[in-house]
Amino acid sequence: MSIGNSPEADRPSVGAALQKARIGAGLTVEEVSTTTRVRIPLVHAIEQDDFSRCGGDVYARGHIRALARAVSLDPRPLIDQFDAEHGGRPAPTPAAPLFEAERIRSEPRRPNWTAAMVAAIVAVVGFAGFTLFTGGDKGSGGPVAAGGAHAKPAPAPTRHPSTIKPPLKPDPEPSDSAVAGLPKDKVTIKVTARDGQSWISAKDANGKLLEDGLLKQGESKTITDKKRIDLVLGNAGAVQLYVNGKEVKQVGEKGTVERLSYTPGDPQAG
Numbered sequence: 000m001s002i003g004n005s006p007e008a009d010r011p012s013v014g015a016a017l018q019k020a021r022i023g024a025g026l027t028v029e030e031v032s033t034t035t036r037v038r039i040p041l042v043h044a045i046e047q048d049d050f051s052r053c054g055g056d057v058y059a060r061g062h063i064r065a066l067a068r069a070v071s072l073d074p075r076p077l078i079d080q081f082d083a084e085h086g087g088r089p090a091p092t093p094a095a096p097l098f099e100a101e102r103i104r105s106e107p108r109r110p111n112w113t114a115a116m117v118a119a120i121v122a123v124v125g126f127a128g129f130t131l132f133t134g135g136d137k138g139s140g141g142p143v144a145a146g147g148a149h150a151k152p153a154p155a156p157t158r159h160p161s162t163i164k165p166p167l168k169p170d171p172e173p174s175d176s177a178v179a180g181l182p183k184d185k186v187t188i189k190v191t192a193r194d195g196q197s198w199i200s201a202k203d204a205n206g207k208l209l210e211d212g213l214l215k216q217g218e219s220k221t222i223t224d225k226k227r228i229d230l231v232l233g234n235a236g237a238v239q240l241y242v243n244g245k246e247v248k249q250v251g252e253k254g255t256v257e258r259l260s261y262t263p264g265d266p267q268a269g
């Protein structure tokens, strides 16, 4: 079904197009909600063109995409229509200031052992020369006899700089992503909204809801179950995901909705 070829004046709204396609496909709101994991009140709101409950334009696009695919619609024209009616996509934030800040941060200065060695050698040579020219008796100007009253004690031996060992560097602290002591017979998921907010929903193998809601940037959620966790991530490209202590790379792109399933052991997306 296509809605992109009709005139602008006759083109139905995004919500009306989704509702019409759903009815034409013989699907109920409950069936669409089960297929897409989009909650029933939210499906009703979107079909009435009320996107205020989506949590932002990014999540609205993800819900539109999921609902369109569930009713066999091409989501691209609907998302373009949504962008045209709601001000378009926000301009991406340039990442240069972040890297500039990292570049400005100075590295810790390391001790210059070469300069220290040269300075020590110069000090030893200078001290030896001073002793040679000032070691005689001031009254006679001659050398001092061994064991005489004016004999000066020999200087204490000076350690050569090459024998001085630099202090040991402390072992690096373990990475923040290292997760120790996780139970092997359970599945443990940690989701962090690292690059932006994300909507998450998690259910166990029996369909019981374990977690559902909006995760603001910087927040984390840890979810555990004995058998399986079915996970839905909105704005998947913004999250950092750890499953059973191991990071899952490339969860998805920003603005997309990803559906994943995990069981105990090494993370294998289902």
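If you read the sequence shown in numbering that gives the first Met the number 0, its first letter stands for residue 0, the second for the next number, and so on. For glycine and all other residues, C-beta sits at the position ideal for the given N, C-alpha and C.
Checklist entry - What do you get for V117, buried or exposed, if any count of 16 or more other CB atoms within 10 angstroms of its CB means buried? => result That one is exposed.
Checklist entry - What are the start and end residues of each continuous alpha helix (DSSP H) run of 4 or more residues lying completely inside the segment 51-93, in chain order? => result With a minimum length of 4 residues, the continuous alpha helix (DSSP H) runs that stay inside the segment 51-93 are 56-69 and 74-84.
Checklist entry - Quick one: is K202 buried, meaning 16 or more other Cβ sit within 10 Å of its Cβ, or exposed? => result By the 10 Å Cβ count, K202 comes out buried.
Next on the checklist: Checking the sheet assignment: what are the DSSP bridge partners for A192?
Outcome noted: Partner(s): V238.
Item to check | Given D229 as reference, the closest of S200, E252 and K215 once Cα atoms are compared | outcome: When each option's Cα is compared against that of D229, the closest is S200.
Next on the checklist: Using only the alpha-carbon positions, how far apart do L259 and G206 sit?
Outcome noted: Going from the Cα of L259 to the Cα of G206 covers about 14 Å.
Next on the checklist: Tell me the DSSP secondary structure of N218 in three-state form.
Outcome noted: Going by the sequence as given, residue 218 is Glu instead of Asn. Correct three-state label for E218: coil.
Next on the checklist: Can you find the residues in the same chain that come closer than 7 Å, C-beta to C-beta, to F274, ignoring five residues on each side of it along the sequence?
Outcome noted: The requested residue 274 is not part of the displayed model; the chain covers only 0 to 269.
Item to check | Anticipated Cβ contact below 8 Å, V57 with R21, distance rounded | outcome: About 23 Å separates the beta carbons of V57 and R21, which is beyond the 8 Å limit, so they are not a contact pair.
Checklist entry - Is it true that the CB of K245 sits closer than 7 Å to the CB of P266? => result Their beta carbons are under 7 Å apart, which means P266 touches K245 by this criterion.
Next on the checklist: Going by the DSSP bridge assignment, what does T187 pair with across the sheet?
Outcome noted: DSSP lists T223 as the bridge partner or partners of T187.
Item to check | Straight-line gap, D9 to A237 (C-alpha atoms, nearest Å) | outcome: Roughly 37 Å between the two C-alpha positions.
Item to check | Straight-line Cα distance separating T34 from V190 | outcome: When only Cα atoms are considered, V190 and T34 end up about 23 Å apart.
Checklist entry - Who does D48 pair with in a DSSP beta bridge? => result Per DSSP, none; premise fails for D48.
Checklist entry - Quick one: does the C-beta of T113 sit closer than 6 Å to a heavy atom of the ligand FMN? => result The ligand FMN is absent from the structure shown, which contains no ligands of any kind.
Item to check | Buried/exposed call for G147, threshold 16 Cβ in 10 Å | outcome: In this predicted model, G147 has a pLDDT of only 45, less than 50, meaning its place in the structure is not dependable enough to derive any value.
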